[in-house]
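S.K.:
Protein chains in written order, with our numbering: chain X, 1 to 368; chain A, 1001 to 1338.
1. Beta-carbon of residue 1001 (chain A) versus every beta-carbon of chain X: anything under 8 Å?
2. Report yes or no: is there a C-beta of chain X within less than 8 Å of the C-beta of residue 1293 (chain A)?
3. Measuring straight from C-alpha to C-alpha, what distance separates residue 1138 (chain A) and residue 1248 (chain A)?
4. Taking 8 Å as the cut-off, decide whether the C-beta atoms of residue 1106 (chain A) and residue 1074 (chain A) are in contact.
5. In the DSSP assignment, find the alpha helix (DSSP H) that holds residue 198 (chain X) and state where it starts and stops.
6. Quick check on DSSP: helix, strand or coil for residue 150 (chain X)?
7. Looking at C-alpha atoms only, which residue of X:76, X:236 and X:132 is the closest neighbour of residue 84 (chain X)?
8. Mind reading off the beta-carbon distance from residue 56 (chain X) to residue 320 (chain X)? Whole number of angstroms is fine, and I expect it under 8 Å.
9. Taking only three categories from DSSP, how would you classify residue 268 (chain X)?
10. Under the three-state reduction of DSSP, which class applies to residue 1329 (chain A): helix, strand or coil?
11. Using the C-alpha atoms, what's the distance from residue 1135 (chain A) back to residue 1314 (chain A)?
12. Roughly how many angstroms lie between the CA atoms of residue 1021 (chain A) and residue 117 (chain X), to the nearest whole one?
13. Could you name the residues of chain A that residue 130 (chain X) contacts, counting a contact when the two beta carbons are closer than 8 Å?
14. Below 8 Å between beta carbons is the criterion; list the residues of the stretch 332 to 345 of chain X that meet it against any residue of chain A, in chain order.
15. Going by CA-CA distance only, name the one from X:131, X:114 and X:132 that's closest to residue 124 (chain X).
16. State yes or no: is the C-beta of residue 1229 (chain A) within less than 8 Å of the C-beta of residue 180 (chain X)?
17. So what does DSSP say about residue 1247 (chain A), is it helix, strand or coil?
18. Cα separation between residue 218 (chain X) and residue 1141 (chain A)?
19. Looking only at its own chain, which residues have a Cβ that is under 8 Å from the Cβ of residue 109 (chain X), when we skip the five neighbours before and after it?
20. Out of A:1306, A:1318, A:1269 and A:1305, which one is the CA nearest neighbour of residue 1294 (chain A)?
21. Indicate whether at least one CB of chain X lies closer than 8 Å to the CB of residue 1160 (chain A).
22. Identify, in the order they occur along the chain, each residue of the same chain with its Cβ nearer than 8 Å to the Cβ of residue 138 (chain X), setting aside the five sequence neighbours on each side.
23. Sort X:184, X:149, X:268 and X:158 by Cα distance to residue 167 (chain X) and report the nearest one.
24. Just to make sure I have the definition right: I need the residues of chain A whose C-beta is within less than 9 Å of the C-beta of residue 108 (chain X). Which are they?
25. Exposed or buried, residue 126 (chain X), counting other C-beta atoms within 10 Å across all chains shown (16 or more means buried)?
26. Is it right to say residue 1008 (chain A) is buried, meaning 16 or more other beta carbons lie within 10 angstroms of its own, or is it exposed?
27. Based on the DSSP output, what are the partners of residue 1320 (chain A) in its beta bridges?
28. Looking at the C-beta of residue 1088 (chain A), does it have a partner C-beta in chain X at a distance below 8 Å?
29. Does any C-beta atom of chain X lie closer than 8 Å to the C-beta of residue 1006 (chain A)?
30. Tell me which residues share the same chain as residue 71 (chain X) and place their Cβ nearer than 8 Å to its Cβ, disregarding the 5 neighbours each side in the sequence.
31. Restricting to runs no shorter than 4 residues, where is the alpha helix (DSSP H) found entirely within the stretch 291 to 355 of chain X?
32. Per DSSP, residue 1040 (chain A) forms a beta bridge with which residues?
33. Relative to the C-alpha of residue 1102 (chain A), which candidate in A:1076, A:1023 and A:1152 has its C-alpha closest?
34. Which of the three DSSP states, helix, strand or coil, is assigned to residue 1006 (chain A)?
35. Can you name the residues of chain X whose CB is closer than 7 Å to the CB of residue 1079 (chain A)?
36. Please report how far the alpha carbon of residue 1183 (chain A) lies from the alpha carbon of residue 1059 (chain A), in whole angstroms.
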């Protein structure tokens, strides 16, 4: 007698990350798992967006140091993963970001003031999720991976042509919700793409103390779903891999895990000192793999970019930075009565009574 | 309590209905009325739930509406959040009270807060069914009363029926609500029977109900302890006391109006619950009633609750649970001359 052994999802990802464009701006000879390099037109668009979000991150970090924002987790250095993955989404798809994915929200079209409302302390989520098809950024680690799975399950049940993409980090990969989301998504075959940005540190804890696994993409095999390991600083590879995974999901073939190898150039937030947990040599080493530099070199070689175009993009980035400064210079009108306005759909007497306390205080202060 | 059938002409003749059957029918009717209602959780499909509350629903509505999820409580709640964001009304089961704890983060950090975070742009009409409390001889982690974790979380509505009619009506209302509801089912009352014609519509879910009139003292109870309160009132009558009994039905929001009116009439009140006393639901009730009715009170508001120990093994349950005798002892402790 033999036991029938299922073999789906058994293949492990290749150890060498999928990459099209090397650090020198030339095409690599790395295996690309059947993926195709995006067109120069697509890559030019990705270049422009990466330059914009890098300037955005730099500006916001600067404003945070000035005390204009309470805190800010920058994704500087991770532009390829943020932009490449998000650009692959169709309008009807949904994004489930974390606190470090402002660049993804910007790429999704969320206005800067609405992205930054949370970090300035105006309101927990400053944008309308329905309008941008983007969930509020999740702060508790990995929780959003389950929301993305459930949303995709509902889309599948309703027969909607929609997929979901969720970002998580190497630290979040140790959380129980990550395991549950991978498992639910695979069992239910939901159109979900898990983009694991392995940026090497969870606040100060390095990857080698986070996991003893050879690589995080390997985990997919244990859930019966495909896993890919991608050079997360090569936007061409990220865009191609995520596009293929989204298409796979829409085709009814279930979820995909994509590990993007990248590096967080800034501190976790402005409240930690990265010199306490990593040395400058390591940071310098990663600068060689800068996602924008390499794409610029590549596109100049193929003549899709020239000095004029680069200057035009740089000017657009300065315009964006100016709009960030302007948005943060304007104080948002916050009505204290809103404390009570959105807690329940069904009005509550006790909340109405508590609102009277604030109303009275406002009246006494002449702000009624 | 008053129970009215919505359409007397179409209602079937009353029959003996258990709370389990009433809950089952509420799920069936909700699934039939609204295509966006989904039922999933551990063992709720083929088996019909370990308490058979979901029995037959998968066969009737198919595995796209009623299905067995992987065994993972955080996963169940977390995916229900995503489904609700995409227009569904998930009704999910946490198999036992203490088994909801792995889902605590999803419930308090996301289910309760999503509406607030998004300024009302995203509602989560999720019903979380939690069989709770003891007195069934359950092993460890199967008899907790976890209500206060949920009642102290803004954004949640917390409902607990004590009888089959309310079980049906409150569950229908919970599923139809645009707010997330933690629906706590008293396990020890699952097999309680009542002559009923389903469907029934009882009082709205944010209202407490006076279920026995009295003039000397008010007993407040919910879920499993309503029976204890009624038995205590009966026993009190034998001692010449006229005891009013209120079934709270909904723990959050608290129905100050109904309860305060009763306490002002009787001037004495005690709350009975199975959960540990310290920081328990009774503490909130006592504080609220005192703040609102101090000058009407003749005696301190008392709590007859579980001891401040982990829920014990079955052979010690009888020493832990609030009993009629302990309620009567509490009533006796008051100075009735005041």
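Cβ atoms here follow ideal geometry from the backbone N, Cα and C, with glycine treated the same way.
The model shown is predicted, which means the values in this text are computed figures rather than measured ones.
M.R.: The answer reads as follows:
1. Caution is warranted here: a pLDDT of 47 is assigned to residue 1001 (chain A), below 50, making its placement in the model unreliable, and the coordinate value is therefore given only provisionally. Cβ-Cβ to chain X under 8 Å: no for residue 1001 (chain A).
2. no
3. 25 Å
4. yes
5. First-last for residue 198 (chain X): 192 to 198, but that is the beta strand (DSSP E), not the alpha helix (DSSP H).
6. helix
7. X:236
8. 6 Å
9. coil
10. helix
11. 8 Å
12. 49 Å
13. 1121 and 1122
14. 338, 341, 342, 343, 344 and 345
15. X:114
16. no
17. strand
18. 35 Å
19. 132
20. A:1269
21. no
22. 96, 97, 98, 99, 144 and 147
23. X:149
24. None at all; the shortest Cβ gap to chain A is about 16 Å.
25. buried
26. Caution applies to residue 1008 (chain A), whose pLDDT of 47 falls short of 50 and renders its modelled position unreliable; the model cannot decide the point.
27. DSSP, once it has assigned bridges, lists no residue as partnering residue 1320 (chain A).
28. yes
29. Note that residue 1006 (chain A) scores 49 on pLDDT, short of 50, meaning its location in the model is unreliable; the coordinates nonetheless yield the value given after this. Answer no: the Cβ-Cβ gap between residue 1006 (chain A) and chain X never drops below 8 Å.
30. 64, 119, 269, 270 and 271
31. 291 to 301, 307 to 329 and 338 to 341
32. A:1067 and A:1092
33. A:1076
34. Any reading at residue 1006 (chain A) needs caution, since the residue's pLDDT is 49, under 50, leaving its predicted position unreliable; the model's value is listed next. Reduced to three states, the DSSP call for residue 1006 (chain A) is coil.
35. 146, 149, 150, 153 and 184
36. 24 Å
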